[in-house]
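Counting from 12, one number per residue, gives the positions in the sequence shown under our numbering.
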Amino acid sequence: MSDLTKYLEKEWGSLVGATLIKVRNATAEEAEELGWEVSNHEPIPFLEFDNGEGLCLSQDPEGNGPGFAFLFTKEQG
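Below, the structure is given as structure tokens:
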């Protein structure tokens with residue numbers, strides 16, 4: 012197992028088996044906790060899971076601003 016895979020499992024492994032229950036924009040409180048501001052023009056993607064965890068996308072590991080994710084279909088795979 013590569014070091015990058017180990018890192019990813021440590022950071023996000025708790026999401027394995029969790030069910031995604033909601034996709035939404037981050038709340039003002041969540042954005043503020045990250046040092047960001049909610050905008051009417053830039054979404055802050057936030058994914059909620061049934062195990063109580065949430066995933067918010069950032070532009071970099073330092074959390075310098077909201078980010079974007081590319082969704083791949085099985086056909087694109």
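Even for Gly, the Cβ is constructed at its ideal location relative to N, Cα and C.
The structure presented is a predicted model; accordingly, all values stated were derived computationally and were not measured.
Integer Cβ distance of residue i from residue j, believed to fall under 8 Å
| i | j | result |
| --- | --- | --- |
| L45 | C67 | 7 Å |
| G76 | W47 | 6 Å |
Nearest-angstrom Cα separation, counted from residue j out to residue i
| i | j | result |
| --- | --- | --- |
| F60 | K21 | 17 Å |
| L58 | L82 | 13 Å |
| L19 | G28 | 15 Å |
| L15 | G24 | 13 Å |
| F79 | E53 | 10 Å |
| K33 | E43 | 20 Å |
| R35 | S13 | 33 Å |
| P56 | K17 | 25 Å |
| K85 | L26 | 20 Å |
| V49 | G74 | 14 Å |
| G63 | E41 | 14 Å |
With 16 other Cβ atoms within 10 Å as the buried cut-off, status of residue i
| i | result |
| --- | --- |
| P72 | exposed |
| A39 | exposed |
Extent of the continuous beta strand (DSSP E) run through residue i
| i | result |
| --- | --- |
| E59 | 56-60 |
| K85 | Note, K85: premise wrong, no beta strand (DSSP E); not H, not E. |
Host alpha helix (DSSP H) of residue i (start-end)
| i | result |
| --- | --- |
| L100 | Residue 100 lies beyond the residue range present for the chain, which begins at 12 and ends at 88; the question has no answer from this structure. |
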